[in-house]
Each structure stands twice: as structure tokens, then as C-alpha cells.
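Mapping of the sequence shown onto my numbering: residues 22 to 709, in sequence order.
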Amino acid sequence: MVRKEEQAGRQKRLTLDEFPIPDYKDWLKAVEKSLKGKSSNSLTFKTYEQIELKTIYSKTDGEALTDRERLMRSASLENRWEVSQQLAESDPQRFAAIAADAFKQGQTTLRMQWACPHQLAETVSQKGLNVSNLVDLETALEKIKWEQVPIFVQAGAVSFPTICFLAALAKKQRKDFSIVQGCIGADPFSEWVRRGTLPISTRRAFDQMAETIRWTQTHAPALKTICIQSTPYHDGGANAIQELAFMLATAVDYIRALLKRGLTIDPIASQIQFSISIGSSFFTEIAKLRAARLLWARIIEVFGGTPTSQRMVLHAQTSFQTKTLLDPHVNILRATTEAYAAIIGGANSLHVCSFNEATDPQDKQAQRIARNTQLILDHEAHGSKVIDPAGGSWYIESLTDTMAQRAWQLFQQVEQLGGMQKALLQRFPQQEIAKMAEDRKRNAVTSIDHWIGVNVYPNLNEIPRNDHTTTTYKSSKQSDALSNQFNKLKQQIKRKPTAWLNLMLEATLNGLTLYECYEVIDIAPPELTIQPIRPERPTASFENLRLAAAHYREKTGSWPRALLLKLGVQAKHQRLAVFSEQFLGIGGFEAVSSENFSTVEQAMNTIHPNLNKIVVICAAPKIEPLQIAHLARHLKSRNPDLCLLMAGLPAKEDLERFRQAGIDDFIHDQMNNIELLMQLQRKKGIRS
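Structure below.
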């Protein structure tokens with residue numbers, strides 16, 4: 022009897038019914054109590070998208086999205102993704118070995134970037150695999166069963182020459198090209214935005230896009246031929262809302278152009294894949310991917326597409342914009358965070374940038390670490406084992422809803438301008454992104470945004486490296502026989518314009534080069550030019566400072582130096598001295614500390630300003646402003662060319678006094694780091 026009562030008591034205790042369920046107000050009280058009287062609003066802040074993030078989110082914040090919309094955010098019931106590392110090698114023979122090893126080590130997609138020959142010359146500086154003719158491609162793929170794995174190539178303005186080469190290789194090797202899957206995707210607007218010009222008119226690009234879709238529907242139905250990228254906007258400094266709006270506006274322009282050419286919405290949608298860059302704001306990037314799926318479903322629904330067509334296929338790649346030349350191993354941490362955001366956001370395939378991609382994209386060890394990052398997140402963090410891992414998070418649900426609404430509003434502004442093509446001609450996206458890029462740079466130079474090893478915690482033991490130089494594409498020289506083949510093909514296409522795809526395929530088997538493929542399809546000067554969107558890394562200006570200082574070190578044998586003049590009790594001025602040392606290190610200056618002077622007179626009798634071009638006064642608070650001004654006048658009188666700085670921002674009443682005494686500037690956390698450091702480098706003769 023006792024045992025039954027004890028068992029009943031245990032069961033009752035396990036229900037936890039005696040604990041009250043706290044509501045939102047209770048949580049706010051707990052937060053404000055921990056803040057010692059401050060309002061919980063003191064913890065709120067705005068993202069680059071001007072979305073205000075609250076302190077606490079509740080169930081009501083996640084109720085804006087309907088059950089149907091939640092379904093649209095995930096492409097499958099599993100969270101599996103393809104390991105789609107871009108294989109960085111220009112030589113076909115070396116590429117073959119790298120590709121074979123990558124697939125043994127966990128790669129699941131053959132992702133290539135071909136050097137682009139579609140310019141008005143036969144030699145073009147462009148990183149990527151050098152494919153001149155069919156022999157080059159056969160060599161590059163000789164060690165893998167390429168037709169049995171997904172293929173991903175971002176093909177530039179037009180995709181059929183790339184498809185043609187692979188189809189010709191399949192025919193030569195007697196392989197079934199109809200089973201080839203993946204994406205060999207054209208994105209003319211992406212090329213347009215990057216370069217400001219296109220190697221083909223937009224009208225002709227859309228004509229070929231439509232013809233390529235019709236051809237692949239018959240010959241390779243599992244192959245997508247359009248890959249719309251957000252990368253040019255992202256790398257230019259765009260925020261997440263701008264990326265979504267401009268990427269989707271591009272898609273709508275393509276859809277309308279293809280509908281005019283006789284295609285219907287479902288075949289068009291089935292041919293489109295998206296490639297989106299993932300930045301460092303973890304939750305924002307998760308919400309960005311989920312919002313993208315939501316908005317794409319709405320767009321295809323409006324065009325009359327089926328629920329199947331409303332499913333978005335998303336390739337994600339970690340951001341190149343967030344990677345730094347300085348302290349590059351920190352890039353491993355940045356890339357890991359970005360990769361995990363992509364996985365939680367539901368990306369279908371993923372490329373992780375190697376940590377030194379900006380300086381040495383062919384570093385095998387760095388490529389291995391990047392690939393293993395994905396494998397660890399899968400096999401050890403079990404990223405693929407959870408269905409819609411972000412689902413149910415009130416914070417992410419609310420962020421997704423807000424981002425989708427604001428991206429839709431910006432998308433509608435583009436539509437009001439006549440679509441993405443007309444918006445680009447009117448410079449609307451360029452101007453919007455330029456404003457955001459300026460915000461990012463301003464936050465970097467004022468250290469609001471911290472970049473480890475760049476604008477905080479610099480490491481002068483590291484010798485920075487320049488960006489890598491691009492490889493050079495060289496088309497094969499035309500023999501007389503090949504020239505005849507090329508001219509014959511041009512004539513055949515004129516007689517049978519609807520059969521040009523099959524004619525080009527046969528000519529490729531007979532030796533047509535990739536360059537000639539582009540020539541055949543009337544690559545010509547563009548009809549329209551636009552203002553391009555150039556890549557803007559917020560850290561580039563800091564890296565230029567350090568590179569200049571490193572060049573100075575090569576010439577002189579040491580880093581440029583500045584003297585830290587310490588006044589007062591060490592414990593009182595140490596914080597200023599450390600801050601100044603960090604600031605100088607950002608610009609490549611080595612800070613040399615003086616002894617601790619207890620009085621201004623000691624400093625005046627010891628310091629020789631003629632031996633130093635830059636002196637930073639680090640004074641304890643108890644040192645009188647009048648004494649500091651006296652010291653400054655003394656140093657300047659002995660060396661008028663001395664650059665004299667003071668650590669910390671003095672009170673307004675002392676500011677003018679110090680300036681009149683000869684102090685040139687002040688080192689503090691609200692200043693523009695770049696401007697002052699450039700002045701110091703000019704003072705040391707590092708730059709003109």
C-alpha cells in the first residue's frame with residue numbers, strides 16, 4: 022500500500038504542474054532585473070537591413086507565417102545538401118587529379134569554373150579551368166565518372182557552349198548525356214552587373230536562353246540551364262533585403278523574356294537555380310534563405326506555376342566579402358559560421374570558401390579544411406539529421422517574415438521602374454547598394470564592426486600577402502582546316518538557324534574551340550552599358566595600409582615605429598597605452614614604449630623628439646591638462662615636424678588648448694582610423 026502511494030507521489034512530481042508558466046511580462050521583468058534597472062530596450066539594436074531586433078521573442082512573433090508558408094521554406098523533408106566545393110585549378114591535367122581526390126574525400130558535386138573566353142580577344146585574364154577544346158575537357162574529367170554526379174558550372178552570359186562541350190564529350194565517350202544532372206547556368210545580368218557591359222545583347226542572350234531550355238528538355242531533362250546569383254550584389258556591399266529583391270527581380274525579368282519566346286512557366290521554373298552568398302550575421306542569413314523560398318513561391322504562384330514549380334533550388338556559398346587578407350586563419354571561423362547558417366537555412370548545395378582564397382585559391386590544405394568544414398557540420402553536428410532546424414524559433418520566424426515583407430517592398434520598387442534591366446540602366450540598385458557599402462566601410466573604419474586581425478588585435482608578426490593574380494586563358498590556334506570548319510558552321514547556321522545547337526555539337530566533336538563556340542553565337546559589343554557594381558570588402562583599406570607598411574619593412578628592415586610617451590602611474594595610463602598600441606598596429610606601426618615618467622619634467626628631460634617622427638602621449642587622468650600642454654609645446658619647439666598625438670579624447674574645454682599647444686590629433690574609439698593612419702604613413706614616407 023505504501024509503495025503505491027510513493028509511486029503515485031513520484032508520478033505527480035514528474036508533471037511539474039506546480040510551476041507557473043511565465044508570460045512575456047514576467048520574462049521582461051527578469052531581464053530588467055539582470056540589467057540593474059535599465060530598460061530592456063537598451064539591448065535592442067538594428068541590423069544593416071534596419072530591422073530592429075528585440076530583447077525577447079514570444080509565440081505571437083512567429084504567428085505571422087501560415088502553415089503553407091512554412092512548408093515553402095524547405096525544399097525537402099530531409100536537410101541534406103550537396104558538398105559543392107569549387108575545384109580551383111587552371112591546368113586540366115592537375116584538375117583531373119584534384120577532382121578525383123575531392124570525390125574520395127567527400128565531395129558530391131562536380132563544381133567547376135571555366136576561364137571565360139567570351140571576350141573580343143583570344144586571350145583573357147580570368148581565373149578558372151582552362152578549357153580550350155574538347156581534349157582539354159576530356160583530360161580534366163578523365164579520372165571521374167562525371168556523368169554520374171551532379172555538375173555545377175556558372176557559365177556566364179550564355180550557357181550552351183559549356184553544355185555543348187559536355188554533350189560532345191559524352192557522345193565521344195559513348196555516355197548517356199540524358200542522365201546528366203545539375204546546373205550549367207547562364208546569368209547575363211550577373212555578368213552585366215560585374216563588368217558594366219555584356220559580350221552579347223540582352224535580346225540575343227534571352228533568345229539563346231530559350232533555345233537552350235528547349236534543347237535540354239529533350240537531351241538532358243535533369244539539367245538546369247539558368248543560375249541566378251546574388252553574389253555581385255552581396256560582394257558589392259548589399260544587405261540581405263537588397264540581395265533578395267534584386268535577385269528575384271532578375272528572375273522575374275528572365276521569366277517574362279522566356280514567356281515572350283513561347284515557353285510556359287513550369288518548364289521555365291524547373292530550369293532555374295539560385296546561388297546566394299552567405300554573410301556573417303548568423304540569424305539574418307538563416308532568415309534570408311527562408312525568406313527567399315517564401316518569396317519565390319509567391320512569384321511562381323502569381324505566374325500560374327504548380328506547387329512543384331514553386332520549390333526553390335538554392336546553392337549557397339560562404340561570403341568572399343567577409344574574408345580578410347590579414348590573420349587569414351580567422352576566416353576558418355567566419356566560414357564555419359556562414360556554412361552553418363546556410364545549412365540551417367536549408368541550402369540544397371554549399372561551397373565553403375578556403376581561408377586564404379583571396380591570396381592562394383589553389384592551396385590544397387586550405388581546400389581540404391574548407392571541404393571538411395561541411396563534413397564536420399554534417400557527420401558531427403548532425404546538420405542533415407534535423408528537418409527544418411530553424412522551424413519554430415520565434416526569433417527566426419519573426420525575422421523571416423519581416424525580411425520577406427521588406428524585400429517584397431523593394432522588389433515592387435524595381436517593378437515600378439520597369440523591371441531589373443531598366444532599374445540597372447537607371448542606376449537604382451547601384452545607388453542603393455553604394456549607400457550600404459559606405460555604411461559598412463564607415464563601421465569598419467570607426468571599429469563599430471570588429472574584424473579580428475584587421476581593425477582590432479593586429480598581428481605584426483604576420484607578413485600580409487597580396488591578392489592572387491588571375492590565370493590566363495589561351496584559345497588554341499586555328500589551323501587552316503579548323504578555320505574552314507568554323508566558316509562552314511557559320512554558313513550552316515545561317516541556312517538553318519533553328520538547328521544551330523546540334524550543328525555546334527557536331528562541330529565541337531570535329532575540333533571547334535570554346536572561343537569559336539562563342540564567336541559562332543554572335544558574341545558582339547553590347548547594346549547597353551551600365552554602372553558596374555564592384556566588389557567592396559570593408560577591410561580592404563586596412564589591408565592596403567598593412568601592405569604598404571610591409572613594403573616599407575622590406576626596404577628598411579623594420580616596421581615603421583611610433584613612441585608611446587607614458588605619463589603618471591602605470592595602472593592609470595595602461596589602458597590608453599594598450600589602445601594606442603593596437604591602433605598603431607592596425608596601420609603597420611610598431612609601438613615602442615618609453616619608461617613610465619611620473620612627472621612632465623622627467624619626460625621633457627629624457628625624450629629626444631628629433632629621434633622620433635611620431636609620439637603618442639599616454640597620460641594618466643591625474644596629470645593636469647596644463648602640464649600636458651606644456652609638454653606638447655616643448656616637444657614641438659624642439660622638432661616642429663614632429664607628429665604629436667594624444668591617447669584619449671579630452672574634454673571639450675581642453676581640446677582647443679591641446680591643439681594650440683601642438684597636439685595634432687587624438688586617438689580614441691570614435692575616430693576614423695583610416696584617415697589618421699594614412700596621415701601617419703605619409704609622415705613616415707610610406708606613402709606619398
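The beta carbon of each residue, even a glycine, is placed where N, CA and C say it ideally should be.
Note that this is a predicted model, so its numbers are computed, not measured.
- DSSP places THR343 in the coil class of the three-state scheme, outside both helix and strand.
- Counted as a single uninterrupted DSSP element, the beta strand (DSSP E) harbouring ARG132 occupies residues 131-133.
- Around the beta-carbon of ASN508, fewer than 16 other beta-carbon atoms lie within 10 Å, marking it exposed.
- In the DSSP assignment, LEU585 is bridged to SER614 and VAL637.
- Taking C-beta atoms as the reference points, GLY257 and ARG555 count as a pair closer than 9 Å.
- When the five nearest sequence neighbours on each side are left out, the beta carbons in the same chain lying within less than 6 Å of the beta carbon of PRO349 are those of PHE376 and ASN377, in order along the chain.
- DSSP, reduced to helix, strand and coil, places PHE66 within a strand of the structure shown.
- As the crow flies, the alpha-carbon of GLU575 is around 58 Å from that of PRO242.
- If you compare the alpha carbons of GLU110, ARG486 and PHE610 with that of LEU568, the shortest gap goes to ARG486.
- Comparing C-alpha distances from THR233 to each of HIS372, LEU158, PHE181 and VAL590 shows the shortest one belongs to PHE181.
- Closest in C-alpha terms to GLN702, from the list GLN134, PHE563 and ALA121, comes PHE563.
- In the DSSP assignment, MET667 forms a beta bridge with ILE638 and PHE687.
- LEU310 sits close to GLY367, with the two beta carbons spaced by under 9 Å.
- With contacts defined as CB atoms closer than 9 Å, ALA123 and GLN106 qualify as a contacting pair.
- Scanning its chain for C-beta atoms nearer than 6 Å, with the 5 sequence neighbours on each side dropped, one finds around PHE687 the residues MET667 and LEU670, in chain order.
- For SER298, DSSP records a beta bridge to GLN338.
- The beta-carbon separation of LEU420 and PHE304, rounded to 6 Å, stays under the 8 Å limit for a contact.
- Within the DSSP secondary-structure output, LEU244 pairs in a beta bridge with GLY203.
- Annotation for SER370: the continuous beta strand (DSSP E) segment containing it runs 370-372.
- Per DSSP, the continuous alpha helix (DSSP H) segment holding ILE397 begins and ends at 385-400.
- The residue from HIS572, GLY83, GLY203 and GLU622 with its alpha-carbon nearest to that of VAL334 is GLY203.
- Collapsing the DSSP output to three states places VAL174 in a strand.
- The count of Cβ pairs closer than 8 Å, one atom from the region 224-232 and one from the region 191-206, stays below three, leaving the stretches out of contact.
- Looking at the DSSP output, VAL477 bridges to ILE473.
- Taking all protein chains shown into account, ILE542 has 16 or more neighbouring C-beta atoms within 10 Å of its C-beta and is therefore buried.
- In the pairwise beta carbon analysis, the region 239-254 is classified as touching the region 271-278: at least three pairs are separated by under 8 Å.
- With contacts defined by Cβ atoms closer than 9 Å, ASP287 and THR237 do not form a contacting pair.
- For PRO559, the closest C-alpha among the options ARG461, ARG314, THR627 and PRO642 is that of ARG461.
- Taking C-beta atoms under 8 Å as the contact rule, ILE221 and MET268 fail to qualify, at a distance of about 21 Å.
- Apart from sequence neighbours up to five positions away, the residues of its chain that approach HIS689 with a beta-carbon distance below 7 Å are GLY669 and LEU670, ordered along the chain.
- Just measuring C-alpha positions, the residue of PRO630, SER658, SER79 and VAL621 sitting nearest ALA640 is VAL621.
- In this structure, the straight-line span from the alpha carbon of PHE116 to that of HIS255 is close to 29 Å.
- Beta-bridge annotation (DSSP): GLU103 is paired with SER370.
- Only exposed fits GLU674, as fewer than 16 other CB atoms lie within 10 angstroms of its CB.
- Distance from the Cα of LEU533 is smallest, within the candidate group GLN513, TRP429, ASN154 and GLU84, for ASN154.
- When only Cα atoms are considered, ASP112 and ASN151 end up about 6 Å apart.
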